[in-house]
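> Numbering-wise, the sequence shown is residues 340 to 613 according to my numbering.
The structure that follows is given in the form of structure tokens.
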Amino acid sequence: MLLPDWLNALILGLVEGLTEFLPVSSTGHLILVGELLKFNDDRGKLFEVVIQSGAILAVCWEYRRKLIELLFGLGHSRQARRFVMNLIIAFIPAGVVGFLAGKAIKAHLFNSGVVASAFIVGGFIILWVERRRRPVRVDSIDDIDWGLALKLGLFQTLAMLFPGTSRSGATIIGGLLLGLSRRAATEFSFFMAIPTLFIATAYDLYKTGGILQVEDISSFGIGFAAAFVSAFLAVRGLLRYIGGHDFTAFAWYRIAFGLVVLATAHYGLVAWSA
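Here it is as structure tokens:
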């Protein structure tokens, strides 16, 4: 499917924004949609990095008051210093894995088969977790200690190791298993995304930004704006949704989507990558 660059940018920006903070894997969706649009070369991969920053800024805007409080509270607030330290601790596992194995993971695991399988397995894991009875031990993100932060960081690395797992999904479901309330697990996954995605974006731009051309700026800007707006709406929507629902609907979506990808590949309806 060959479309104008601006339309590719709009579609991928919307996909990134709508899926980045939901437990459905933005990376997996971008890999698959990029293949359908034939926009998965080096330029397309750089584009995915650029629009990711739009989604990050959306969650920063949603939590701007909290972030400002943390910034100005570092000098005198023990709670602010503790929260920031928890984010650093949670980032470390993903940072180490990304630095040591990121290139190999992208080279060998960024394909439709791995993504579809991770969608399905992740869906069944969500169903299993939602059916378990577990007491809530942590009701607020401010009550998370460094040990829980480290464990949530380890859950986050699953999304890096297996594209299609979902970074937000792994941390949210991991948080539920560890005794966090649904809102606390969801909100901490948002905050974990800020250092993780900002650093990953900056690193990828440093490594591959040289292929960016002047004529790309307009289409990349469209994708950036689409990712920002759609991510902002997705974050707001998810926070309202979890007030009265669990994550079962996302689990069935993952399973159905993964099966569709595998079926279209098996019957030759779509020429997915091997």
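Glycine residues also receive a C-beta, built at the ideal position from the N, C-alpha and C atoms.
Given the structure is predicted, the values throughout are model-derived calculations rather than measurements.
Which first and last residues belong to the alpha helix (DSSP H) in which Pro-534 is found?
Start and end: 521 to 547.
> Could you give the distance in angstroms between the alpha-carbon of Glu-556 and the alpha-carbon of Ile-538?
For the sequence presented, residue 556 should be read as Ile rather than Glu. Looking at the two C-alpha atoms, the distance is approximately 21 Å.
> Within this structure, are the beta carbons of Ile-511 and Ile-594 separated by less than 8 Å?
Taking 8 Å as the Cβ cut-off, Ile-511 and Ile-594 do not qualify as a contacting pair.
> Skipping 5 residues on each side, what residues in its chain have a beta carbon closer than 7 Å to that of Ile-533?
Closer than 7 Å at the Cβ level, and outside the excluded window around Ile-533, lie Ile-395, Val-398 and Cys-399.
> Please classify Val-475: does DSSP put it in a helix, a strand, or coil?
It is coil, neither helix nor strand.
> DSSP three-state label for Ser-507, please.
Of the three classes helix, strand and coil, the one that applies to Ser-507 here is helix, per DSSP.
> Counting pairs of beta carbons, one from the region 483 to 498 and one from the region 423 to 430, are three or more of them closer than 8 Å?
Output reads yes: the region 423 to 430 touches the region 483 to 498.
> Taking the alpha-carbon of Leu-489 as reference, which of Val-372, Gly-513 and Leu-466 has the nearest alpha-carbon?
When each option's Cα is compared against that of Leu-489, the closest is Gly-513.
> From the DSSP output, in three-state form, read off Tyr-592 for me.
Residue state, collapsed to three classes: helix.
> Take every Cβ of the region 576 to 595, pair it with every Cβ of the region 448 to 455, and state whether three or more of those distances are shorter than 8 Å.
Touching, no.
> Is the beta carbon of Ala-566 sitting closer than 8 Å to the one on Ile-390?
Taking 8 Å as the Cβ cut-off, Ala-566 and Ile-390 qualify as a contacting pair.
> Output the boundary residues of the alpha helix (DSSP H) element that contains Gln-418.
First-last of the alpha helix (DSSP H) with Gln-418: 417 to 448.
> What would DSSP say about Lys-405, mapped onto helix, strand or coil?
Helix.
> Following the continuous alpha helix (DSSP H) through Gln-495, name the residue where it begins and the one where it ends.
Looking at the DSSP string, the run of the alpha helix (DSSP H) that includes Gln-495 is 485 to 500.
> Using only the alpha-carbon positions, how far apart do Ala-433 and Arg-403 sit?
Straight-line Cα distance between these residues: approximately 24 Å.
> Assign Ala-602 to one of two classes, buried (16 or more other C-beta atoms within 10 Å of its C-beta) or exposed (fewer than that).
With fewer than 16 other Cβ atoms within 10 Å, it is exposed.
> Should Leu-410 go down as buried or exposed, given a rule of 16 or more other Cβ atoms within 10 Å for buried?
By the neighbour-count rule (16 or more Cβ atoms within 10 Å), Leu-410 is not buried but exposed.
> Tell whether a beta-carbon distance below 8 Å holds between Phe-360 and Ala-570.
Their beta carbons are under 8 Å apart, which means Phe-360 touches Ala-570 by this criterion.
> My assumption, with CB atoms under 8 Å, is that Gly-503 sits in contact with Gly-367. Please give the rounded CB distance.
Confirmed, about 4 Å.
> Specify, as a first and last residue, the run of the alpha helix (DSSP H) that Asp-482 falls within.
No alpha helix (DSSP H) holds Asp-482; DSSP gives it neither H nor E.
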